[in-house]
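Per the numbering used here: the sequence shown = residues 139 to 364.
Heads up, the beta-carbon is just placed ideally off N, CA and C, and yes, glycines get one too.
The structure displayed is predicted, hence computed values, not measured ones.
Everything on this sheet refers to the single structure shown next.
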Amino acid sequence: MKREIVITADGSSTIHLPDWDEQYHSKHGAIQEAYHVFIKHGLHHFYNSEVINNNINILEIGFGTGLNAFITMLEAEKLRAKINYFGIEGYPILMSEIEQLNYPEALKVESKKGLFKALHQVTWEEKHTISEYFLIEKQNRFFSEIEEKNRYNIIYFDAFGARVQPELWTESIFLRMYEALQTEGVLVTYSAKGSVRRAMETVGFEVERLPGPPGKREMLRATKKI
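Written as structure tokens, this is what we have:
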């Protein structure tokens, strides 16, 4: 499928899929969306909870451009919290595309550009220490193949939208997410569709509607209580 590098409203880049008229990140701002949905309402929310959190396991559904992983790595250093990051991706992007992404520049952390590249250059299916506080394992597989139980504290659910891939937003997928989380673990996503919320609730999640990032009125956070 054809992929194009485009610039979003906050000056950060993303990948556009013209055949689907879909982006890897919000056209209203890739970095703004990542911070609002996944860092503020995911990582920071969990880190500031009463759950023991000196060693946080994060699963990202849709590793894609590596933006969420890169920002999480920067936050791990700020928080001095060890993060074990697991990125699932069925269709990894090319290094030629990665080299066109401007995240270190847009985030004003040009000195970390080598670390951003390292996230993509390290081998798949193996654990790698990228920095003192950040360990990553990328897995080249599909979301429907996730079978881990009670492993993760946070899930970044950043799949393509239900308009183009409705099969990724079903009860069967969210049941796998629920089972993969530890008790008091959270799943955050940019989506606020009623069908998505109902699917989450059906499998056992306690779901909150939260203010969305720029360009979206709401988003969802789901918590596994038992």
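>> Check this for me: beta carbons of F184 and G332, under 9 Å apart or not?
In response: Indexing the sequence shown from 1 puts residue 184 at position 46. Indexing the sequence shown from 1 puts residue 332 at position 194. No, they are not a contact pair.
> What's the gap between the Cα of G195 and the Cα of F298?
Replying inline: Residue 195 sits at position 57 when you count from the first residue of the sequence shown. Residue 298 sits at position 160 when you count from the first residue of the sequence shown. Sequence check: residue 195 is Asn here, not Gly. Taken atom to atom, the span from the alpha-carbon of N195 to that of F298 is near 23 Å.
>> Quick check on this structure: which residue in P351, H182, G350, I268 has the alpha carbon closest to the alpha carbon of L217?
In response: Translated into the one-based positions of the sequence shown, residue 217 becomes position 79. The candidate whose alpha carbon is nearest that of L217 is H182.
> Leaving out five residues before and five after S187 in sequence, what residues of the same chain have Cβ atoms less than 8 Å from its Cβ?
Replying inline: Here residue 187 refers to the residue found at position 49 when the sequence shown is read from its first residue. Correct list, in chain order: E322.
> Considering P349, what are the terminal residues of the beta strand (DSSP E) in which it resides?
Replying inline: On the sequence shown, residue 349 is found 211 positions in, with the first residue counted as 1. Its beta strand (DSSP E) spans residues 344-349.
> Can you tell me whether DSSP reads E243 as helix, strand or coil?
Replying inline: Residue 243 sits at position 105 when you count from the first residue of the sequence shown. Here E243 sits in helix by DSSP.
> Buried or exposed: which applies to R314, given that a residue is buried once 16 or more other Cβ atoms fall within 10 Å of its Cβ?
Replying inline: Residue numbering aside, residue 314 sits at position 176 when the sequence shown is read from its first letter. Buried: at least 16 other Cβ atoms inside 10 Å.
> S310 lies in the beta strand (DSSP E); which residues open and close that run?
Replying inline: Position 172 of the sequence shown, counted from the start, is the residue given in the question as residue 310. S310 -> not in any beta strand (DSSP E); alpha helix (DSSP H) instead, spanning 309-318.
>> Our contact map puts K140 next to D157 with C-beta atoms below 8 Å; I'd like the distance itself, whole angstroms only.
In response: Along the sequence shown, read from residue 1 onward, the residue named residue 140 stands at position 2. Along the sequence shown, read from residue 1 onward, the residue named residue 157 stands at position 19. Contact holds; Cβ gap of about 6 Å.
>> Using 8 Å for Cβ pairs, my map puts I221 next to Y271. What's the rounded Cβ distance?
In response: The count along the sequence shown starts at 1 and reaches residue 221 at position 83. The count along the sequence shown starts at 1 and reaches residue 271 at position 133. Cβ atoms of I221 and Y271 come within 8 Å of each other, at about 6 Å.
>> Just to confirm before moving on: does the CB-CB distance between P349 and H166 stay below 9 Å?
In response: Here the question's residue 349 lines up with position 211 in the sequence shown. Here the question's residue 166 lines up with position 28 in the sequence shown. Against a cut-off of 9 Å, the Cβ pair of H166 and P349 comes out as no contact.
>> Assuming H154 is part of the beta strand (DSSP E), what are its boundary residues?
In response: If you number the sequence shown from 1, residue 154 lands on position 16. Looking at the DSSP string, the run of the beta strand (DSSP E) that includes H154 is 151-155.
> Cα-Cα, which of P230, G149, I199, F176 is closest to F281?
Replying inline: Position 143 of the sequence shown holds residue 281. Selected option, being the one with the closest Cα: I199.
> Between which two residues does the beta strand (DSSP E) containing Q170 stretch?
Replying inline: Numbered from 1 along the sequence shown, position 32 holds the residue referred to as residue 170. Here Q170 belongs to no beta strand (DSSP E); instead the alpha helix (DSSP H) covers 168-171.
> Span of the beta strand (DSSP E) holding E275?
Replying inline: Residue mapping note: residue 275 aligns to position 137 of the sequence shown, counting from 1. From DSSP, the beta strand (DSSP E) with E275 extends over 272-277.
> Where does the unbroken alpha helix (DSSP H) through V334 begin, and where does it stop?
Replying inline: Your numbering for residue 334 matches position 196 in the sequence shown. In the DSSP annotation of this structure, the continuous segment of the alpha helix (DSSP H) that includes V334 starts and ends at 332-340.
> Would you call E243 buried or exposed, if buried means 16 or more other Cβ atoms sit within 10 Å of its Cβ?
Replying inline: By 1-based counting over the sequence shown, the position of residue 243 is 105. E243 sits exposed, since fewer than 16 C-beta atoms from the chains shown fall within 10 Å of its C-beta.
> Which of the three DSSP states, helix, strand or coil, is assigned to S234?
Replying inline: Residue mapping note: residue 234 aligns to position 96 of the sequence shown, counting from 1. S234 sits in a helix when the DSSP states are folded into three classes.
> Which residues does DSSP pair with L358 in a beta bridge?
Replying inline: Position 220 of the sequence shown, counted from the first residue, corresponds to residue 358. Under DSSP, the beta-bridge partners assigned to L358 are T327, R347.
>> Let me check you understand the geometry: is the CB of F254 closer than 8 Å to at least one non-hydrogen atom of the ligand COA?
In response: Questions concerning the ligand COA fall outside what the structure shown contains, since it holds no ligand whatsoever.
> Quick one: Cα of L212 to Cα of G180, how far?
Replying inline: Here residue 212 corresponds to residue number 74 of the sequence shown, with the count starting at 1. Here residue 180 corresponds to residue number 42 of the sequence shown, with the count starting at 1. Answer to the nearest angstrom: the Cα atoms are 15 Å apart.
> From which residue to which residue does the beta strand (DSSP E) around F295 run?
Replying inline: In the sequence shown, counting from the first residue as 1, residue 295 sits at position 157. 290-295 is the span of the beta strand (DSSP E), which, as asked, contains F295.
> Thinking just about the alpha-carbon of each residue, which of F201, Q161, K287 is nearest to the one in V302?
Replying inline: Locating residue 302 in the sequence shown gives position 164, counting from the first residue. For V302, the closest of F201, Q161, K287 by C-alpha to C-alpha distance is Q161.
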